[in-house]
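Peer 1:
2 protein chains.
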Amino acid sequence: MPSPTLADVAREAGVSKGTASKALNGVTGVSASTRERVAAAAAALGWTPSYAARALSRASTGVFGLALARSSETVGTESFFMAMVAGLEEELALTDRALLIQLVPDVEAESELLARWAAERRVDGVFLLDARLEDPRTAVVEHNGLAAAAMASSPLSPMISRLAVDEDLRMDLVLERLMAALDELPEDAGRHLLYLGGLPQFQHVMARERRFRERCSAAGVGASVLHSDYQQHDVSRWTREVLALHREAGCRGVVVDNDLLAAQLLVELGRDGVRVPEDLAIVALEDSILCTVTSPAITALHRDTREAGRLLARLLVRHIEEGTLTEAIGPGGMVVRGSG
Amino acid sequence: MPSPTLADVAREAGVSKGTASKALNGVTGVSASTRERVAAAAAALGWTPSYAARALSRASTGVFGLALARSSETVGTESFFMAMVAGLEEELALTDRALLIQLVPDVEAESELLARWAAERRVDGVFLLDARLEDPRTAVVEHNGLAAAAMASSPLSPMISRLAVDEDLRMDLVLERLMAALDELPEDAGRHLLYLGGLPQFQHVMARERRFRERCSAAGVGASVLHSDYQQHDVSRWTREVLALHREAGCRGVVVDNDLLAAQLLVELGRDGVRVPEDLAIVALEDSILCTVTSPAITALHRDTREAGRLLARLLVRHIEEGTLTEAIGPGGMVVRGSG
DNA sequence: CTGAAAGCGCTTACAG
DNA sequence: CTGAAAGCGCTTACAG
Numbered sequence: 001m002p003s004p005t006l007a008d009v010a011r012e013a014g015v016s017k018g019t020a021s022k023a024l025n026g027v028t029g030v031s032a033s034t035r036e037r038v039a040a041a042a043a044a045l046g047w048t049p050s051y052a053a054r055a056l057s058r059a060s061t062g063v064f065g066l067a068l069a070r071s072s073e074t075v076g077t078e079s080f081f082m083a084m085v086a087g088l089e090e091e092l093a094l095t096d097r098a099l100l101i102q103l104v105p106d107v108e109a110e111s112e113l114l115a116r117w118a119a120e121r122r123v124d125g126v127f128l129l130d131a132r133l134e135d136p137r138t139a140v141v142e143h144n145g146l147a148a149a150a151m152a153s154s155p156l157s158p159m160i161s162r163l164a165v166d167e168d169l170r171m172d173l174v175l176e177r178l179m180a181a182l183d184e185l186p187e188d189a190g191r192h193l194l195y196l197g198g199l200p201q202f203q204h205v206m207a208r209e210r211r212f213r214e215r216c217s218a219a220g221v222g223a224s225v226l227h228s229d230y231q232q233h234d235v236s237r238w239t240r241e242v243l244a245l246h247r248e249a250g251c252r253g254v255v256v257d258n259d260l261l262a263a264q265l266l267v268e269l270g271r272d273g274v275r276v277p278e279d280l281a282i283v284a285l286e287d288s289i290l291c292t293v294t295s296p297a298i299t300a301l302h303r304d305t306r307e308a309g310r311l312l313a314r315l316l317v318r319h320i321e322e323g324t325l326t327e328a329i330g331p332g333g334m335v336v337r338g339s340g
Numbered sequence: 341m342p343s344p345t346l347a348d349v350a351r352e353a354g355v356s357k358g359t360a361s362k363a364l365n366g367v368t369g370v371s372a373s374t375r376e377r378v379a380a381a382a383a384a385l386g387w388t389p390s391y392a393a394r395a396l397s398r399a400s401t402g403v404f405g406l407a408l409a410r411s412s413e414t415v416g417t418e419s420f421f422m423a424m425v426a427g428l429e430e431e432l433a434l435t436d437r438a439l440l441i442q443l444v445p446d447v448e449a450e451s452e453l454l455a456r457w458a459a460e461r462r463v464d465g466v467f468l469l470d471a472r473l474e475d476p477r478t479a480v481v482e483h484n485g486l487a488a489a490a491m492a493s494s495p496l497s498p499m500i501s502r503l504a505v506d507e508d509l510r511m512d513l514v515l516e517r518l519m520a521a522l523d524e525l526p527e528d529a530g531r532h533l534l535y536l537g538g539l540p541q542f543q544h545v546m547a548r549e550r551r552f553r554e555r556c557s558a559a560g561v562g563a564s565v566l567h568s569d570y571q572q573h574d575v576s577r578w579t580r581e582v583l584a585l586h587r588e589a590g591c592r593g594v595v596v597d598n599d600l601l602a603a604q605l606l607v608e609l610g611r612d613g614v615r616v617p618e619d620l621a622i623v624a625l626e627d628s629i630l631c632t633v634t635s636p637a638i639t640a641l642h643r644d645t646r647e648a649g650r651l652l653a654r655l656l657v658r659h660i661e662e663g664t665l666t667e668a669i670g671p672g673g674m675v676v677r678g679s680g
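For the record, the sequence lines run as chains A and B.
Just so you know, we're using my numbering here: the first sequence kicks off at 1 and counts up by one.
Just so you know, we're using my numbering here: the second sequence kicks off at 341 and counts up by one.
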């Protein structure tokens with residue numbers, strides 16, 4: 001039983017396809033009576049518009065793309081992604097739009113995919129996560145006139161809408177905790193902190209590092225920085241480095257980029273007999289359920305990532321509908337949770 | 341700069357649209373020389389086929405749908421979903437297919453969405469997770485002739501391909517652990533176990549419960565079952581019930597449906613002074629990083645969920661290409677990890 | 001092997 | 001307000 005087409009509905013209602021189309025789409029210029037007749041016919045036949053035909057004649061798809069240049073391990077374990085995806089989804093679903101997700105090995109592959117999506121007219125717009133200092137996606141987006149919204153701490157391009165993330169504030173919030181802890185230590189204890197961040201290619205990592213160094217320097221606190229590529233097999237290596245800093249430089253606190261790394265670090269340090277937070281405090285810049293099931297629980301900067309997803313989706317929709325670049329800050333209500 | 345169309349390529353190569361189409365699609369019946377000329381023209385112009393036009397004329401979309409009747413909280417925190425999605429993605433990407441994901445509030449909404457996708461010819465097929473005893477999606481799939489593949493412990497319909505999950509085996513594997521632990525207890529200790537499962541509407545939950553009761557009964561072990569809707573705010577309630585069973589019925593071990601619930605239960609029990617596993621052993625039927633960062637680490641049945649996703653995707657692709665129902669068992673290599 | 005034509009199922013000026 | 005026609009960008013019989 002092939003699904004009925006507009007032609008079937010038009011015949012059933014005794015009007016032309018054009019009129020049926022207008023009636024069904026609420027376009028002005030159709031008498032109330034025929035509009036009703038058409039609607040009844042469509043309902044009787046159980047007509048639903050063909051997605052592809054609509055996309056072809058309207059030149060818009062109702063689909064938004066998200067290419068993720070992360071391994072499926074990372075995507076599967078880092079809470080950030082699922083929360084983000086859930087938020088995007090939630091907002092798009094409100095207006096019957098869909099999200100197309102594709103995992104790619106690296107940012108080059110991501111750029112290629114974006115270019116292909118643009119050429120195929122596959123999506124109405126794309127979301128950009130993990131903004132980089134030199135971001136190859138920018139050129140692709142600009143060159144193809146692709147509508148895009150990024151989550152980023154600084155602007156990527158005048159053509160890309162942005163959900164601005166205040167990384168300075170985020171770093172300040174967690175440092176406040178660690179500095180306070182340092183103040184409680186005996187006079188002769190070391191005053192040294194570490195930022196265990198992601199790869200320096202990322203905007204947010206460099207923004208955090210800069211702020212971290214500034215603050216430490218202003219407070220007369222020693223500062224070290226290590227960059228991780230977040231791969232799980234690296235955890236024990238990072239642990240050794242953290243341990244060395246603790247023992248040799250008197251490091252007493254670590255700011256960790258994400259919940260996963262923080263939790264794993266906590267476990268490894270525990271094995272090495274380091275007490276957290278007494279010997280070494282850990283604060284994560286991303287919160288999740290992971291931080292609540294370790295012992296002790298991990299102190300983490302909490303933000304509503306799902307809400308960030310909703311905001312980002314809303315931004316892109318507005319960008320497309322109004323044809324203008326939009327910016328927003330968010331999500332609000334960030335707070336450090338836990339007492340580690 | 342509008343993207344070039346097939347007509348542009350054909351003009352550039354000096355052939356008809358039809359010939360250009362055949363040449364580009366590797367259809368037989370085109371001379372090698374024109375095929376080359378067309379390919380060169382396409383490359384020169386940077387032509388990429390319009391997705392919508394192709395979908396319309398081919399009556400197939402290259403898109404597969406996954407509707408998830410779970411709250412975005414659950415999807416964002418339960419490791420199963422992301423791993424599954426990553427696996428589906430990974431397999432589909434190999435053949436340039438895409439995954440369309442949509443979150444819906446409940447299984448009724450999911451059924452409606454599937455019906456709409458079918459009517460809109462939006463997807464080539466759909467994936468079905470969380471199979472239910474009375475599953476309303478079955479009728480929708482059958483009625484609309486939608487290609488579907490489910491992950492399920494028993495068949496949903498002769499029209500639906502299936503990745504068979506052996507829940508009996510899964511329960512046996514974890515019970516083996518718990519029974520062995522019981523055997524080490526002093527003579528006068530209680531011999532009683534609990535299965536903390538999801539909602540009884542789910543196939544897998546009932547399959548597990550049945551097996552759990554059978555095994556316990558065969559071993560002369562007392563058996564209790566509690567059903568949770570997995571909502572986080574319920575954890576303390578479940579903890580109280582578990583505690584009561586431990587104290588009053590002498591329950592010494594709990595099989596928990598998933599990693600998240602197990603981890604939370606462990607934390608709460610710890611607060612109440614219950615030692616795990618000495619007083620009460622916990623084994624989870626789903627493994628994840630969560631199980632490794634608690635202390636003690638949680639013993640869990642590990643399976644490669646990403647591989648399950650790949651298998652499920654492959655199943656649906658084959659189902660569609662060969663037009664026949666396919667079944668598979670998997671993924672293999674399940675093993676209980678940890679010593680809790 | 002190649003071309004002209006029809007068709008996929010819609011939408012959108014353009015006449016009337 | 002309504003209809004006939006053209007068009008969106010492809011694919012696919014059908015002739016030649």
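Ideal placement from N, C-alpha and C gives every residue a C-beta, glycine not left out.
1) Return the residues of the region 116 to 138 of chain A that lie within a Cβ-Cβ distance of less than 7 Å from chain B, sorted by chain order.
2) Could you check what DSSP says for Leu-156 of chain A in three-state terms: helix, strand or coil?
3) Is the CB-CB distance between Cys-216 of chain A and Ala-223 of chain A below 8 Å?
4) Under the three-state reduction of DSSP, which class applies to Glu-12 of chain A: helix, strand or coil?
5) Is Leu-439 of chain B close to chain A? Criterion is C-beta to C-beta, closer than 8 Å.
6) Please work out which residues of its chain come closer than 6 Å, Cβ to Cβ, to His-192 of chain A, disregarding the five sequence neighbours upstream and downstream, and give them in chain order.
7) Compute the beta-carbon to beta-carbon distance between Ala-98 of chain A and Gln-442 of chain B, rounded to the nearest angstrom, for a pair I have assumed lies under 8 Å.
8) Please tell me whether Glu-90 of chain A has its Cβ less than 8 Å away from any Cβ of chain B.
9) Under three-state DSSP, which class holds Leu-113 of chain A?
10) Would you mind sorting Ser-371 of chain B into buried or exposed? The rule is 16 or more other CB atoms within 10 Å of its CB.
11) Using a Cβ-Cβ distance under 8 Å, would Val-75 of chain A count as near chain B?
12) Looking at C-alpha atoms only, which residue of A:His-246, A:Leu-156 and A:Pro-49 is the closest neighbour of Ala-189 of chain A?
13) Taking Cβ positions only, does Ile-282 of chain A come closer than 8 Å to chain B?
14) What does Thr-359 of chain B reach in chain A if we use C-beta pairs closer than 7 Å?
15) Considering only the beta carbon of each residue, do Val-141 of chain A and Leu-100 of chain A sit closer than 8 Å?
16) Return the residue from the list B:Ala-353, B:Ser-451 and B:Ile-629 that minimises the CA-CA distance to Ala-471 of chain B.
17) To which residues of the same chain is Leu-345 of chain A closer than 8 Å at the C-beta, ignoring the five residues directly before and after it?
18) Can you check whether the CB of Ser-568 of chain B is closer than 8 Å to the CB of Glu-608 of chain B?
19) Given Thr-666 of chain B, which residues of its chain have a CB within under 6 Å of its CB, disregarding the five upstream and five downstream residues?
20) Whole angstroms are fine: how far does the CA of Arg-303 of chain A sit from the CA of Met-358 of chain A?
21) Enumerate, from N- to C-terminal direction, the unbroken beta strand (DSSP E) stretches of 3 or more residues contained entirely within the region 518 to 558 of chain B.
22) How would you list, in chain order, the residues of chain B whose beta-carbon sits under 9 Å from the beta-carbon of Gln-264 of chain A?
23) Measuring CA to CA, which of B:Val-633, B:Ala-487 and B:Val-466 is closest to Phe-404 of chain B?
24) Which ranges would you report for the beta strand (DSSP E) in the region 458 to 518 of chain B if only whole runs of at least 3 residues count?
25) Would you mind reading off the limits of the beta strand (DSSP E) that contains Arg-677 of chain B?
26) At 7 Å on the CB atoms, spell out the chain B contacts of Leu-260 of chain A, in chain order.
27) Where in the region 604 to 668 of chain B do unbroken runs of the beta strand (DSSP E), each at least 3 residues long, occur, reported from the N-terminal end onward?
28) Could you check whether the Cβ of Thr-61 of chain A sits closer than 8 Å to any Cβ belonging to chain B?
29) CB Thr-639 of chain B to CB Val-614 of chain B, shorter than 8 Å?
30) Run down chain A in chain order and give the residues with a C-beta less than 8 Å from the C-beta of Thr-388 of chain B.
31) On a CA-only basis, which of A:Leu-280, A:Gly-332 and A:Val-104 is nearest Gly-427 of chain B? Give me that one, please.
32) Report, in whole angstroms, the separation of the C-beta atoms of Val-582 of chain B and Leu-605 of chain B, which I expect to be a contact under 8 Å.
33) Could you pull the start and end residues of the beta strand (DSSP E) that Val-425 of chain B belongs to?
34) Considering only DSSP beta bridges, list what Val-359 of chain A is partnered with.
35) Using a 10 Å radius around the Cβ and a threshold of 16 neighbouring Cβ atoms, would you call His-684 of chain B buried or exposed?
36) Could you check how far apart the C-beta atoms of Thr-138 of chain A and Leu-156 of chain A are, in whole angstroms? I think they sit under 8 Å.
Peer 2: This is what the structure gives:
1) Arg-116, Ala-119, Glu-120, Arg-121 and Arg-122
2) Translated into the one-based positions of the first sequence, residue 156 of chain A becomes position 156. Of the three classes helix, strand and coil, the one that applies to Leu-156 of chain A here is coil, per DSSP.
3) Indexing the first sequence from 1 puts residue 216 of chain A at position 216. Indexing the first sequence from 1 puts residue 223 of chain A at position 223. Cβ atoms of Cys-216 of chain A and Ala-223 of chain A: closer than 8 Å.
4) Reading the first sequence from its first residue, position 12 is the one you call residue 12 of chain A. Residue state, collapsed to three classes: helix.
5) Counting from one through the second sequence, the residue named residue 439 of chain B turns up at place 99. Judged by the 8 Å Cβ criterion, Leu-439 of chain B is in contact with chain A.
6) By 1-based counting over the first sequence, the position of residue 192 of chain A is 192. Closer than 6 Å at the Cβ level, and outside the excluded window around His-192 of chain A, lie Gly-222, Ala-249, Gly-250 and Cys-251.
7) Sequence index remark: in the first sequence, residue 98 of chain A carries index 98 (1-based). Sequence index remark: in the second sequence, residue 442 of chain B carries index 102 (1-based). Yes, they are in contact, since the Cβ atoms of Ala-98 of chain A and Gln-442 of chain B sit about 6 Å apart, within 8 Å.
8) Stepping through the first sequence from its first residue, residue 90 of chain A is reached at position 90. By this cut-off, Glu-90 of chain A is an interface position.
9) Along the first sequence, one-based indexing puts residue 113 of chain A at 113. DSSP places Leu-113 of chain A within a helical segment (H, G or I) once states are collapsed to three.
10) Residue mapping note: residue 371 of chain B aligns to position 31 of the second sequence, counting from 1. Exposed, because fewer than 16 other Cβ atoms sit within 10 Å of the Cβ of Ser-371 of chain B.
11) Working through the first sequence from its first residue, we reach residue 75 of chain A at position 75. At least one chain B Cβ lies under 8 Å of Val-75 of chain A.
12) On the first sequence, position 189 is the one that residue 189 of chain A refers to. Nearest C-alpha to Ala-189 of chain A: A:His-246.
13) Mapped onto the first sequence, residue 282 of chain A falls at position 282. So no, Ile-282 of chain A is outside the interface.
14) For the purposes of this step, residue 359 of chain B is identified with residue 19 of the second sequence, where counting begins at 1. Going along chain A, no residue has its Cβ under 7 Å from Thr-359 of chain B, so there is no contact; the nearest lies around 22 Å.
15) Mapped onto the first sequence, residue 141 of chain A falls at position 141. Mapped onto the first sequence, residue 100 of chain A falls at position 100. Their beta carbons are not under 8 Å apart, which means Val-141 of chain A does not touch Leu-100 of chain A by this criterion.
16) If you number the second sequence from 1, residue 471 of chain B lands on position 131. Nearest option by C-alpha distance: B:Ser-451.
17) With chain A represented from 1 up to 340, any question about residue 345 of chain A goes unanswered, as that position is not in the structure.
18) By one-based count along the second sequence, residue 608 of chain B stands at place 268. By one-based count along the second sequence, residue 568 of chain B stands at place 228. No, Cβ-Cβ distance for Glu-608 of chain B and Ser-568 of chain B is not below 8 Å.
19) As a first step, residue 666 of chain B is located in the second sequence; it is residue number 326 there, counting from the start. Here the set comprises Ser-501, Leu-655, Arg-658 and His-659.
20) Coverage of chain A is limited to positions 1 through 340, which leaves residue 358 of chain A absent and any answer about it impossible.
21) 532 to 537
22) Numbered from 1 along the first sequence, position 264 holds the residue referred to as residue 264 of chain A. Those are Ile-629, Thr-632 and Val-633, listed as they occur along chain B.
23) What you label residue 404 of chain B is simply residue 64 of the second sequence in a count that begins at 1. When only C-alpha atoms are compared, the closest one is B:Val-466.
24) If one requires a minimum length of 3 residues, the beta strand (DSSP E) runs lying completely within the region 458 to 518 of chain B are 465 to 468, 488 to 492 and 501 to 504, in chain order.
25) By one-based count along the second sequence, residue 677 of chain B stands at place 337. Looking at the DSSP string, the run of the beta strand (DSSP E) that includes Arg-677 of chain B is 675 to 677.
26) By 1-based counting over the first sequence, the position of residue 260 of chain A is 260. Per Cβ cutoff of 7 Å: Ile-629.
27) 621 to 624 and 639 to 642
28) In the first sequence, counting from the first residue as 1, residue 61 of chain A sits at position 61. With 8 Å as the cut-off, Thr-61 of chain A counts as an interface residue toward chain B.
29) The residue labelled residue 639 of chain B in the question sits at position 299 within the second sequence. The residue labelled residue 614 of chain B in the question sits at position 274 within the second sequence. With respect to the 8 Å criterion, Thr-639 of chain B and Val-614 of chain B are not classified as neighbours on the basis of their beta carbons.
30) Here the question's residue 388 of chain B lines up with position 48 in the second sequence. By Cβ distance, chain A contributes Arg-116, Ala-119 and Glu-120.
31) Residue mapping note: residue 427 of chain B aligns to position 87 of the second sequence, counting from 1. Among A:Leu-280, A:Gly-332 and A:Val-104, the Cα nearest to that of Gly-427 of chain B is on A:Val-104.
32) Translated into the one-based positions of the second sequence, residue 582 of chain B becomes position 242. Translated into the one-based positions of the second sequence, residue 605 of chain B becomes position 265. The Cβ separation is near 7 Å, so the contact holds.
33) On the second sequence, residue 425 of chain B is found 85 positions in, with the first residue counted as 1. Not the beta strand (DSSP E): Val-425 of chain B falls in the alpha helix (DSSP H), residues 419 to 434.
34) Residue 359 of chain A lies beyond the range of chain A shown here (1 to 340); nothing can be said about it.
35) No information on residue 684 of chain B is available, as it lies outside the stretch 341 to 680 that chain B covers here.
36) Working through the first sequence from its first residue, we reach residue 138 of chain A at position 138. Working through the first sequence from its first residue, we reach residue 156 of chain A at position 156. Confirmed, about 5 Å.
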